[in-house]
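Below is one structure; the comments refer to it alone.
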Amino acid sequence: MRMRARLAVAGALLAQPALADCQCLGNGARYNEGDQVCLKLPTGPQLARCEKVLNNSSWKMLGSNCQLITRSEQSPKPSSQRAVKAVSGEPQSLTGRKPAASQGL
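Position one of the sequence shown corresponds to residue 1 (the UniProt record's numbering), numbered consecutively onward.
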């Protein structure tokens with residue numbers, strides 16, 4: 001009878017979900033598994049992803065400079081560049097054709 005009780009308690013304990021999720025430490029902060037972060041390293045900033053390797057958290061270096069990636073993704077072309085292009089030379093509509101007034105219609 002005692003053996004069955006012990007097995008029941010052991011089974012209940014093993015059936016519990018894990019209490020801690022996989023997290024990586026970097027730049028003085030914690031990041032969840034799958035997060036991509038620009039890590040500040042002695043060799044310069046590098047893009048890395050938090051992953052689990054053999055039940056331990058680990059950074060996988062993605063091999064690209066994160067400053068170049070984040071700048072190009074986060075900052076679209078300023079609208080002033082588009083406005084300058086439209087103002088310089090002959091006026092153009094949004095379709096790239098000359099407006100009807102300048103075509104003589």
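Ideal Cβ positions, reconstructed from N, Cα and C, are used throughout, including at glycine.
Note that the coordinates shown come from a computational prediction; the quantities given were computed from them, not determined experimentally.
Practice task
In angstroms with no decimal places, state the Cα-to-Cα distance between S72 and P42.
Solution key: Unreliable positioning characterises S72 in this predicted model, as indicated by a pLDDT of 41, which lies under 50. The coordinate reading is nonetheless provided below. Their Cα atoms are separated by approximately 23 Å.
Exercise for the section: Taking K60 and E33 to be in contact with their CB atoms under 8 Å, please state how far apart those CB atoms are, rounded to whole angstroms. Expected result: At roughly 11 Å, the Cβ-Cβ gap does not stay under 8 Å, so K60 and E33 are not in contact.
Practice task
Counting only the same chain and skipping the five closest in sequence on each side, list residues whose C-beta sits under 6 Å from that of Y31.
Solution key: C24, V37, C50
Practice task
Identify, in the order they occur along the chain, each residue of the same chain with its Cβ nearer than 6 Å to the Cβ of G26, setting aside the five sequence neighbours on each side.
Solution key: V37, L39
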